[in-house]
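As structure tokens, the structure follows; a few thoughts come after it.
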């Protein structure tokens, strides 16, 4: 009973809203993930980590405790974001309802992967603010590229033109 052009405009508006939401989540996680590099760089540059090692703290204990603390600090914004998704469940149906625990698992797996990467990349820098800003840029760029690849591959029609027709 609704015209096809109206239905198409509604679908485009929904896709636009979801794309904007996905970009905002990716942008927020880029800031969050990059924030874990600052204390590590500061401890290394100031010599605090060296003093801890001289006083008998083993590297495994240092890095394990740092990772556990940072994962707990990563859990708090992840849970708060899920609460927001539940509050606005009409707009973000993929992240609410029965998918909440799956989304939390994916968020925590992302944290488990990205926090050690930030530690590793932190060894490049001697200034924690520079490390933070450069790693935000890196995380935003890689997140944008990954989102773009997913968007392009999800809009390709099978058998017509594009990637699937050339290589299929």
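Residue numbers (our numbering): 776 to 943. Just so you know, even glycine gets a beta-carbon here, dropped at the ideal spot from N, CA and C. Remember, it's a predicted structure, so these values are computed and weren't measured experimentally.
Cβ neighbour criterion (16 or more within 10 Å) applied to residue i
i           : result
residue 849 : buried
residue 897 : buried
residue 914 : buried
residue 821 : exposed
residue 920 : exposed
residue 900 : buried
residue 835 : exposed
residue 807 : buried
residue 876 : exposed
DSSP-derived helix/strand/coil call for residue i
i           : result
residue 832 : coil
residue 899 : coil
residue 865 : coil
Of the listed residues the options, nearest to residue i (C-alpha basis)
i           : options            : result
residue 872 : 858, 881, 882      : 858
residue 840 : 815, 862, 853, 927 : 815
residue 908 : 892, 798, 812, 795 : 812
residue 880 : 842, 795, 854, 797 : 854
residue 904 : 809, 796, 803, 797 : 809
N- and C-terminal bounds of the alpha helix (DSSP H) containing residue i
i           : result
residue 821 : 812-821
Residues near residue i by beta carbon distance below 8 Å, same chain, minus five either side
i           : result
residue 846 : 883, 886, 887, 890
Own chain, CB closer than 7 Å to residue i, minus 5 neighbours either side, in chain order
i           : result
residue 918 : 801, 805
Spatial neighbours of residue i in its chain, beta-carbon cut-off 6 Å, leaving aside the 5 residues before and after
i           : result
residue 824 : 818
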